[in-house]
Each structure stands twice: as C-alpha cells, then as structure tokens.
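Enquirer:
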C-alpha cells in the first residue's frame, strides 16, 4: 500500500512540475512577444530616421522578419491514407478472378 501512495505522490509531483514549467514558459513567451513588438517599432523608427535595413542588419541588428512570432503550423491532414486492395483475399461476393484481374470481369459483361 505504501508503494501506491509513493507512486501517486510521484505522479502528482511530476504533474505539478509540468504545470509550473508550462505556466513559466507561457509567461516568458508573452514577455518575448511584447519585447519583439517593441523591437519592431524601434526598428521602424530607425528606418524612418534614415537608416536602411541593410545598414542596420550589417551593424548586427536582427532583421524584423526573423523576429516575427511564428505562424501556426498548418493542420495535419486527417484524410486517411488510401490502402491498396488486398490481392490475396477476394471481397465478399466477388470472384477471385475479379480481384486478381478486374478487366477480365468487365470484358465478360460487355460481351453479353
């Protein structure tokens, strides 16, 4: 019974650490996005004051395009992958000849 308590305590501790890390990461990301926005405004002000983008990037400033928050990744396709028909086992109600060579069956229908 003691093992169960220790196991459950370990699970709770792990979950608490995960939650804490996720919250900290969320706050840090929010702060980063705020600072990037400030950088973009400041970079734009530098451009308006006469600097060129090339001059600023050559001076070591980051290109604002590289600092933009990442766009969401496109959703993965949920379309099932087509499966090739089974060659060894005929479908119900279909002769094995139709499975192995469907054109033979189609031709026999056209001859009738």
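In full-length UniProt numbering, the protein residues as written are 1 to 112. Ideal Cβ positions, reconstructed from N, Cα and C, are used throughout, including at glycine.
Which term fits residue 7, buried or exposed, when burial requires 16 or more other beta carbons within 10 angstroms of its beta carbon?
Expert: Locating residue 7 in the chain shown gives position 7, counting from the first residue. The residue is exposed, with fewer than 16 neighbouring Cβ atoms inside 10 Å.
Enquirer: Rounded to the nearest angstrom, what separates residue 45 and residue 15 at their Cα positions?
Expert: Counting from 1 along the chain shown, the entry for residue 45 is found at position 45. Counting from 1 along the chain shown, the entry for residue 15 is found at position 15. So the two alpha carbons sit approximately 45 Å from each other.
Enquirer: Below 8 Å on the Cβ atoms is my contact criterion, and I expect residue 39 with residue 67 to pass it. Report the Cβ-Cβ distance as a whole number of Å.
Expert: Counting from 1 along the chain shown, the entry for residue 39 is found at position 39. Counting from 1 along the chain shown, the entry for residue 67 is found at position 67. So it is a contact: roughly 6 Å between Cβ atoms.
Enquirer: For residue 19, does the three-state DSSP call read helix, strand or coil?
Expert: Translated into the one-based positions of the chain shown, residue 19 becomes position 19. Reduced to three states, the DSSP call for residue 19 is helix.
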